[in-house]
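Numbering (my numbering), first residue to last: 73 to 749.
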């Protein structure tokens with residue numbers, strides 16, 4: 073039985089050691105990847121700033137325009153570099169493409185302030201053949217090997233990429249990274265007793281190796297390890313390789329970085345089994361006593377862990393069903409107690425966010441309902457609950473506007489006919505003076521009515537325009553509430569990070585428990601079962617987190633749809649206000665023309681009293697009346713067209729609000745998944 077346990081533990085330790093080795097490489101590779109991504113992001117931002125702001129045809133042959141362009145982007149460039157705390161950032165324009173272009177380059181000084189570097193022309197200065205420039209021009213991008221930069225008194229790595237405008241390469245953008253920072257980080261990583269990590273470029277040249285004499289993987293041991301480079305190139309992103317170096321059997325864990333570099337961890341194989349040798353000694357010295365003690369400890373710890381696991385299982389099961397009222401009650405101060413506190417904090421924050429989302433939805437629905445009722449009142453006033461407050465003035469105003477515009481049109485036509493008769497009767501002006509006077513008085517009365525109608529119509533349209541403005545204000549308020557909802561839903565993303573962290577801690581706890589169980593031998597089997605339950609708990613936690621994440625993403629998508637619909641409603645309301653303003657302008661013109669017409673008719677009336685001597689003035693006044701009548705008729709027709717436009721716009725707004733209401737109802741159904749009371 074002891075032999076079986078020994079070999080079982082050996083297998084477990086080897087597997088765990090290999091996984092730990094891969095984990096060490098993955099963790100450090102992730103940190104390097106973040107630095108790489110930050111460097112590339114800064115460079116991309118610099119390139120985008122240049123391309124989006126440059127007028128290539130204007131600056132390529134004009135030094136003054138080029139100088140002005142460089143000055144205009146300096147502030148934005150410093151902001152982009154500082155956003156990720158980069159050491160430097162620059163754009164080197166190609167003087168083979170742009171006349172005397174120079175550079176825009178900033179580097180962070182010791183006081184943290186970015187200072188501008190002196191300008192130069194890259195090809196004239198001889199830098200055009202350097203790898204950081206030529207490599208980016210030829211290949212699109214380039215990573216340099218570490219090199220000493222005297223102005224900073226440091227080893228640095230440069231990343232650069234070509235910048236294109238209108239299909240032509242206009243220069244190279246890039247940034248630097250202190251290699252000493254990366255080197256110090258790698259030198260502090262210890263793999264067992266004598267193991268170490270290395271960093272190689274795409275050609276397997278060592279960027280970092282604890283043995284400074286090592287230059288290239290293929291050259292180690294007189295080329296005997298060249299096959300390792302071939303295996304890495306053919307292998308997956310990460311993997312394990314066994315090899316012999318300097319008389320020691322070693323194992324290499326490698327990781328392929330996104331920029332073509334390779335990170336490896338290289339421990340001695342026998343050091344991995346050091347724990348196994350200690351375990352063998354324990355087997356022979358302690359024997360049955362150790363087994364009995366381990367059994368008692370395993371039973372005690374197993375029961376304690378089982379109770380905690382059961383509480384977590386029940387809480388997660390309730391939480392996965394959407395019930396946010398459940399809490400975990402663990403009084404211990406160990407990892408489970410800490411996990412319980414984190415879980416309760418997570419549920420409490422989720423409870424608050426979901427409750428707030430529900431409240432925001434209710435407020436948004438109320439705002440949309442007010443908008444809909446207002447729009448419904450403008451078009452279908454008879455069904456609006458506000459018909460005594462809003463419907464009557466708008467409906468009566470629209471009807472009165474139509475009726476009075478019709479009267480104005482009839483009056484204008486009648487007036488035009490009367491004017492023609494007046495013109496025809498001028499040949500008998502002496503005989504028909506009295507008759508013309510009476511007709512002039514009638515025209516005067518009609519003109520006064522026309523002026524009154526236009527004034528009333530103008531007031532009605534102003535009232536309608538005010539209602540449209542109220543609708544627009546409600547739309548803006550609803551949009552603000554939707555933006556608040558979007559922000560709250562995004563906050564949940566941060567909370568999910570906490571639960572993922574808990575899951576990772578649980579995995580680590582399960583791994584440690586498995587090792588301890590293996591050391592306990594036969595008596596630790598029960599402890600191993602508990603460790604497996606912990607691992608399953610971690611998997612269940614990850615699964616439930618994914619479900620919650622999917623629900624939140626669905627909510628965010630629905631919020632985005634609602635926001636777009638609300639923006640469309642706002643645009644339609646603004647169009648309605650614009651059309652209403654056009655109607656006001658047209659009616660105002662009618663009013664002015666009516667006043668002018670009234671003055672002309674008064675002049676005709678006065679002239680009629682002066683008998684024959686004023687016949688020429690009568691002819692002129694009547695001619696003016698005829699001309700104004702035609703213009704008034706055109707204005708009335710234009711007013712009808714504007715009124716039709718308002719009706720069309722209001723109908724479109726109602727359709728948009730219907731769609732918005734449907735989206736809000738769908739979003740409300742999503743939120744009902746959670747139980748908060």
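Ideal placement from N, C-alpha and C gives every residue a C-beta, glycine not left out.
Among the options, nearest to residue i - alpha-carbon criterion
i	options	result
residue 228	257, 281, 234 and 218	218
residue 639	102, 255, 238 and 548	548
residue 222	205, 184, 244 and 250	250
residue 214	311, 112, 637 and 570	112
residue 331	104, 83 and 93	104
residue 233	126, 243 and 560	243
residue 556	631, 400, 517 and 625	631
residue 164	119, 133 and 311	119
residue 280	296, 335, 313 and 625	335
residue 394	624, 192, 95 and 315	624
residue 268	341, 304 and 566	341
residue 337	282, 156 and 295	282
residue 254	102, 311 and 266	102
residue 311	320, 301, 318 and 319	301
residue 184	538, 157 and 660	157
residue 779	520, 581, 652 and 636	For the chain, the structure presents residues 73 to 749; residue 779 sits outside this window and is missing.
residue 559	524, 144 and 628	628
residue 121	94, 333 and 162	162
residue 166	235, 140 and 92	235
residue 318	581, 266 and 307	266
Burial state of residue i, where buried means 16 or more other Cβ atoms lie within 10 Å
i	result
residue 114	buried
residue 672	buried
residue 401	exposed
residue 734	exposed
residue 159	buried
residue 462	Note that residue 462 scores 45 on pLDDT, short of 50, meaning its location in the model is unreliable and no value can be drawn from it.
residue 89	buried
residue 132	buried
residue 237	buried
residue 273	buried
residue 460	For residue 460, the predicted model reports a pLDDT of 49, less than 50, meaning its position is unreliable; a value from the coordinates is still stated below. It is exposed - the Cβ of residue 460 has fewer than 16 other Cβ atoms within 10 Å.
residue 116	exposed
residue 622	exposed
C-beta contact flag for residue i and residue j at 7 Å
i	j	result
residue 168	residue 195	yes
residue 97	residue 259	no
residue 48	residue 148	Residue 48 lies beyond the range of the chain shown here (73 to 749); nothing can be said about it.
residue 339	residue 264	yes
residue 173	residue 138	yes
residue 617	residue 571	yes
residue 201	residue 175	no
residue 633	residue 543	no
residue 316	residue 323	no
residue 328	residue 309	yes
residue 609	residue 381	yes
residue 197	residue 216	no
Which of helix, strand or coil DSSP assigns to residue i
i	result
residue 90	helix
residue 49	A query on residue 49 cannot be resolved here, the shown segment of the chain reaching from 73 to 749 and no further.
residue 824	Look at the range of the chain in this structure, 73 to 749, and you will see that residue 824 is not part of it.
residue 220	strand
residue 230	strand
residue 240	strand
residue 287	coil
residue 462	With a pLDDT of 45 at residue 462, under the threshold of 50, the modelled position of that residue is not reliable, and the figure given next carries that caveat. The answer is helix: DSSP assigns residue 462 an H, G or I state.
residue 332	coil
residue 246	strand
residue 621	helix
residue 342	helix
residue 521	helix
residue 321	strand
residue 169	coil
residue 293	helix
residue 188	strand
Cβ-Cβ separation, residue j to residue i (assumed contact under 8 Å), whole Å
i	j	result
residue 575	residue 649	At roughly 54 Å, the Cβ-Cβ gap does not stay under 8 Å, so residue 575 and residue 649 are not in contact.
residue 204	residue 239	Not confirmed; about 23 Å, so no contact.
residue 422	residue 564	7 Å
residue 606	residue 578	6 Å
residue 186	residue 154	6 Å
residue 84	residue 344	Residue 84 to residue 344, Cβ: 12 Å. No contact.
residue 100	residue 261	6 Å
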